[in-house]
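Structure first, then comments.
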Amino acid sequence: MSTVTRASLAEHIYSQVGLSRNESADLLEHVLERVAKELEGGNTVKISGFGTFSVRQKGRRTGRNPKTGVEVPILPRSVLVFRPSQLLRARVNGRQVDGIEDDGE
Numbered sequence: 001m002s003t004v005t006r007a008s009l010a011e012h013i014y015s016q017v018g019l020s021r022n023e024s025a026d027l028l029e030h031v032l033e034r035v036a037k038e039l040e041g042g043n044t045v046k047i048s049g050f051g052t053f054s055v056r057q058k059g060r061r062t063g064r065n066p067k068t069g070v071e072v073p074i075l076p077r078s079v080l081v082f083r084p085s086q087l088l089r090a091r092v093n094g095r096q097v098d099g100i101e102d103d104g105e
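Each residue of the sequence shown is one higher than the one before, starting from 1 at the first, in this note's numbering.
So, in structure tokens, the structure goes:
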């Protein structure tokens, strides 16, 4: 199993779309920057057939230091959440994708 990197994605765009390597890398950077900016703004990014990225707010809670047992407050924060679409779930699990409607979840 290999890891997909920005470079490998840009190379794939280059080989499949026919843009130059620089144009492919710029296109990929533009798309990733746009997704990041939308998420920074608290917006949801839904990519049909792939999934939905969203930002969820976690409230304040009390945690515990596992070494000392002392209670420690955990401050509210934002967390990034990805929900794969039914189509992507089916593909990852090796199931047929025919007849599955993509709801973008």
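Just so it is clear, CB atoms sit at the ideal spot from N, CA and C, and this is done for glycine as well.
L28, enclosing beta strand (DSSP E) - first and last residue:
Indexing the sequence shown from 1 puts residue 28 at position 28. First-last for L28: R21 to E40, but that is the alpha helix (DSSP H), not the beta strand (DSSP E).
Which residues share a DSSP beta bridge with P73?
As a first step, residue 73 must be located in the sequence shown, where it is residue number 73. According to DSSP, P73 bridges with T62.
Grab me the residues of V92's own chain with a C-beta within less than 8 Å of its C-beta, minus the 5 sequence neighbours each way, in chain order.
Translated into the one-based positions of the sequence shown, residue 92 becomes position 92. Cβ neighbours of V92 beyond the five flanking positions: P84.
R107 to Q86 span [Cα, whole Å]:
For residue 107 there is no data in the structure shown, the boundaries of the chain being 1 and 105.
Round the Cβ separation of F53 and L39 to the nearest angstrom and send it over; I've been treating them as touching at under 8 Å.
Stepping through the sequence shown from its first residue, residue 53 is reached at position 53. Stepping through the sequence shown from its first residue, residue 39 is reached at position 39. Confirmed, about 6 Å.
State the DSSP-derived secondary structure class of V92, mapped to helix, strand or coil.
For the purposes of this step, residue 92 is taken as residue 92 along the sequence shown, with counting starting at 1. V92: helix per DSSP, three-state reduction.
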